[in-house]
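Under my numbering, the sequence shown has 287 at position 261, and the numbering climbs by one with no breaks. In this text, a Cβ means the ideal position worked out from N, Cα and C, and glycines have one as well. Below: one structure, written as structure tokens.
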Amino acid sequence: MDSDRVANPVTARNGAAPGVCSLSAIHNPLSRAICQFLEVPIREPVMEQGSKDSHVSRLLSRDMGRIRVAVAGLGKMGTYHVQALRRLAKGESEKYYKSGLDTQIRKLELCGLCDPDPEKSRRLAPDLPCFTDWQVLLAKASPDFVVIASPTETHFPMALQSLEAGVHTFVEKPLVTKLGEFKILNDAASSNGCRLISGHVERYNPVAIKLRTMLSEKLIDVAGYRFQRSQPRDARIPDDIVTDKIVHDLDLAQYFFGAIIYYHMVNSKRADGRIQEATVFLRHTSGVEGTLFVSWLIQDARKCREIRISCRDGSCMLGDFADKKLTMDGKALSCDVPSWVKPDNNQIKDELADFVSYCILPDPDMPVFQPLLQTWEIKDSIAIIEDLVRWTQSPGDTDCRQEQEADDDKICKR
Ligand SMILES: NC(=O)c1ccc[n+]([C@@H]2O[C@H](COP(=O)([O-])OP(=O)(O)OC[C@H]3O[C@@H](n4cnc5c(N)ncnc54)[C@H](O)[C@@H]3O)[C@@H](O)[C@H]2O)c1
Numbered sequence: 027m028d029s030d031r032v033a034n035p036v037t038a039r040n041g042a043a044p045g046v047c048s049l050s051a052i053h054n055p056l057s058r059a060i061c062q063f064l065e066v067p068i069r070e071p072v073m074e075q076g077s078k079d080s081h082v083s084r085l086l087s088r089d090m091g092r093i094r095v096a097v098a099g100l101g102k103m104g105t106y107h108v109q110a111l112r113r114l115a116k117g118e119s120e121k122y123y124k125s126g127l128d129t130q131i132r133k134l135e136l137c138g139l140c141d142p143d144p145e146k147s148r149r150l151a152p153d154l155p156c157f158t159d160w161q162v163l164l165a166k167a168s169p170d171f172v173v174i175a176s177p178t179e180t181h182f183p184m185a186l187q188s189l190e191a192g193v194h195t196f197v198e199k200p201l202v203t204k205l206g207e208f209k210i211l212n213d214a215a216s217s218n219g220c221r222l223i224s225g226h227v228e229r230y231n232p233v234a235i236k237l238r239t240m241l242s243e244k245l246i247d248v249a250g251y252r253f254q255r256s257q258p259r260d261a262r263i264p265d266d267i268v269t270d271k272i273v274h275d276l277d278l279a280q281y282f283f284g285a286i287i288y289y290h291m292v293n294s295k296r297a298d299g300r301i302q303e304a305t306v307f308l309r310h311t312s313g314v315e316g317t318l319f320v321s322w323l324i325q326d327a328r329k330c331r332e333i334r335i336s337c338r339d340g341s342c343m344l345g346d347f348a349d350k351k352l353t354m355d356g357k358a359l360s361c362d363v364p365s366w367v368k369p370d371n372n373q374i375k376d377e378l379a380d381f382v383s384y385c386i387l388p389d390p391d392m393p394v395f396q397p398l399l400q401t402w403e404i405k406d407s408i409a410i411i412e413d414l415v416r417w418t419q420s421p422g423d424t425d426c427r428q429e430q431e432a433d434d435d436k437i438c439k440r
């Protein structure tokens with residue numbers, strides 16, 4: 027264990043460098059009480075957004091009267107975000123929220139909604155200004171932060187516009203699907219003093235937080251793991267399964283087992299012109315190896331979202347992210363982690379609360395709060411997704427092709 031590095035997934039993280047915390051966090055009694063220890067790999071630095079290194083910082087003052095928020099894309103996820111923001115604005119705090127956050131969330135005020143279909147805004151919130159054009163919303167509603175929950179292909183231009191307007195920006199997953207786009211957005215966030223994050227809501231799943239806690243405390247000695255995420259395809263989703271689904275488990279794999287140093291696509295199946303099933307092999311800096319399996323071809327109506335972890339002592343853990351249940355050798359474990367999460371939490375509410383705290387200017391005596399998700403992790407996920415998508419689009423890729431052995435050009439070492 028390297029005591030110089032601290033990772034605290036839900037609560038406080040002191041220090042500006044992503045994924046690495048300073049010793050002062052450990053020496054701060056508050057931080058020490060709530061920190062979980064984990065070996066965090068040293069990563070290529072990604073410029074911290076909204077930090078003192080930025081030309082400007084637009085972090086929100088703790089004294090401001092209102093925190094104005096706008097939401098774009100009022101489909102399934104946008105509706106959830108509007109509902110969660112309303113609950114926060116009503117003061118629905120949780121015991122594990124960071125210091126002072128209960129006061130700040132009450133200042134939230136929805137100032138505008140945006141969807142090309144104005145009926146959606148009117149149905150969801152007839153009392154709010156609605157816009158069909160994002161640029162117009164940014165200019166007229168003057169939000170302090172925005173939530174972008176529009177289709178994935180719109181994320182890059184819309185996030186760039188909000189960051190260039192100096193607005194803290196939360197974007198549904200996947201943030202973008204190309205590393206080049208991520209770099210442009212990260213630079214725009216840094217130079218405009220804004221926070222930028224991607225909505226990886228599964229990190230706020232109590233099963234994920236409990237597992238991460240057990241891994242951090244070295245209560246599980248992992249021999250290997252397998253994620254499975256399968257359900258019949260929802261015709262509403264325009265993305266293929268790599269972009270839409272793998273991104274969740276790729277992120278969780280980093281959250282649990284650390285940075286990914288090697289990956290390859292073991293198998294992919296195409297149906298109706300798009301990738302609908304895939305298996306990806308991963309190796310982490312910790313040496314842990316595992317696979318991600320995603321499928322829209324399994325005709326079981328039940329949503330399967332699970333991880334199986336084989337432990338070196340022969341035991342097996344099963345984490346069910348859909349039913350929020352965790353078992354070890356068939357015996358149920360509580361997902362309550364008192365300083366982090368309660369088992370029936372609202373994950374979207376918690377991730378938005380985390381983003382609000384990330385956007386607030388720390389007091390001189392207060393630690394710099396970092397969200398659960400680190401910038402380098404978002405960057406790494408995007409880089410891997412871009413490779414996986416490219417591999418599935420290679421000329422040899424045909425319907426229902428299975429690659430039993432990875433080709434050299436489908437292996438990436440980092
Ligand atoms: N975190 C998760 O678990 C999760 C789950 C589902 C979807 N998502 C992500 O959320 C995003 C939206 O997915 P969804 O399932 O809510 O889609 P959806 O189809 O239900 O809703 C998308 C909405 O965006 C609107 N829209 C289209 N273009 C727009 C634009 N330029 N500006 C504003 N609004 C626009 C559409 O009219 C629609 O109302 C996707 O990127 C998806 O990957 C995340």
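- Inclusion of residue 194 and residue 221 in the CB contact set at 8 Å is warranted, their separation being smaller than that value.
- The beta carbon of residue 380 lies closer than 7 Å to those of 397, 398 in the same chain, with the five residues before and after it left out.
- Following the DSSP letters along the chain, one finds residue 376 in no beta strand (DSSP E) but inside the alpha helix (DSSP H) bounded by residues 373-385.
- Under the 10 Å beta carbon count, residue 358 is surrounded by fewer than 16 other beta carbons and is classified as exposed.
- Between the C-alpha atoms of residue 104 and residue 204 there is a straight-line separation of about 23 Å.
- Residue 199 carries a coil assignment under DSSP once its states are collapsed to helix, strand and coil.
- For residue 330, DSSP records a beta bridge to 256.
- When the Cα atoms are used, residue 338 and residue 246 turn out to be separated by approximately 8 Å.
- Its chain contains 174, 197, 201, 202 as the residues whose beta carbon lies nearer than 7 Å to that of residue 181, once the 5 sequence neighbours on both sides are disregarded; these appear in chain order.
- For residue 275, the enclosing alpha helix (DSSP H) covers residues 273-283.
- Distances taken from the Cβ of residue 140 to the heavy atoms of ligand 1 include one shorter than 7 Å.
- Out of 269, 303, 316, the CA that lies nearest to the CA of residue 284 is found in 316.
- Residue 289 and residue 279 have their alpha carbons spaced roughly 12 Å apart.
- Separation of residue 298 and residue 199 (C-alpha to C-alpha, rounded to the nearest whole angstrom) is 24 Å.
- In terms of Cβ geometry, residue 233 and residue 318 do not form a close pair [threshold 8 Å].
- At a Cβ-Cβ threshold of 8 Å, residue 323 and residue 302 count as neighbours.
- The three-state reading of DSSP puts residue 335 in strand, counting E and B together.
- The beta-bridge partner set that DSSP reports for residue 344 consists of 334, 353.
- About 45 Å separates the beta carbons of residue 153 and residue 286, which is beyond the 8 Å limit, so they are not a contact pair.
- Taken atom to atom, the span from the alpha-carbon of residue 118 to that of residue 368 is near 14 Å.
- Assigned with DSSP and collapsed to three states, residue 314 falls in coil, not helix or strand.
- Counting only runs of 4 or more residues that sit fully inside the segment 163-215, the alpha helix (DSSP H) segments are 178-190, in chain order.
- At least one heavy atom of ligand 1 falls within 7 Å of the beta-carbon of residue 177.
- The C-beta separation of residue 134 from residue 108 comes to about 11 Å, leaving the pair out of contact by the 8 Å criterion.
- Going by C-alpha positions, residue 402 is about 30 Å away from residue 139.
- If the five residues before and after residue 325 are omitted, its C-beta is found closer than 8 Å to the C-beta atoms of 258, all from its own chain and listed in chain order.
- Bridge partners of residue 251 according to DSSP: 316, 335.
- Here residue 281 is not near residue 377, since their CB atoms are 8 Å or more apart.
- Pairwise C-beta distances place the segment 207-217 out of contact with the segment 254-274, as fewer than three of them are shorter than 8 Å.
- In terms of side-chain proximity, the C-beta atom of residue 207 is found no nearer than 7 Å to any non-hydrogen atom of ligand 1.
- With a threshold of 16 other beta carbon atoms within 10 Å, residue 236 meets it and is buried.
- For residue 104, the secondary structure class from DSSP, reduced to helix, strand or coil, is helix.
- In the structure shown, residue 217 adopts helical secondary structure according to DSSP, grouped into three states.
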